[in-house]
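Numbering (my numbering), first residue to last: 209 to 363.
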């Protein structure tokens with residue numbers, strides 16, 4: 209049976225995964241990330257970044273949006289898997305819990321600084337679920353190896 213902590217962690221991961229998937233779809237299957245002024249897109253296709261002339265600002269923009277989508281998708285897939293199938297290991301690992309929290313907080317800082325309301329709201333929900341999962345996880349949960357090598361939280 210899935211615990212409340214596992215459910216909250218999976219909800220956080222699902223929110224991140226769905227935001228990344230939505231962002232990927234908006235990048236490649238819609239025009240939502242295209243500039244309102246068509247001339248801006250034309251100029252982006254004609255100009256190169258200072259870093260290299262081997263790409264255009266337009267290709268970099270599309271590529272950055274595509275790769276930006278993959279981060280939340282990877283976060284969501286990994287943390288949902290860990291929460292649902294290796295919950296004891298996840299909740300016993302200060303490293304994994306800290307890494308996940310820092311990732312969400314990093315996205316939240318970027319969102320507050322550079323993005324718009326919808327992704328910030330999604331990140332706030334994901335972060336609240338994540339912190340809720342940590343708060344309701346068994347205190348001092350330690351990993352106990354069973355003879356099969358799986359992990360469980362001792363009762």
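Note that the Cβ used here is the ideal one computed from N, Cα and C, for glycine as well.
From a predicted model like this one, the values you see are computed outputs, not experimental measurements.
Each residue's CA atom was taken as its position, placing residue 240 and residue 321 some 20 Å apart. When C-alpha distances from residue 224 are compared across 236, 338, 342 and 267, the shortest belongs to 338.
Of the residues assessed, residue 329 falls on the exposed side of the cut-off, its CB having fewer than 16 other CB atoms within 10 angstroms.
When the beta-carbon positions are compared, residue 288 and residue 218 come within less than 7 Å of each other. Per DSSP, reduced to three states, the secondary structure at residue 325 is helical. In the assembly as shown, residue 343 is an exposed residue. Its beta-carbon has fewer than 16 other beta-carbons within 10 Å. Each of 331, 268 and 274 was checked against the Cα of residue 234, and the nearest Cα belongs to 274. Every unbroken stretch of the alpha helix (DSSP H) spanning 4 or more residues and falling wholly within the stretch 220–290 is given here in chain order: 246–254.
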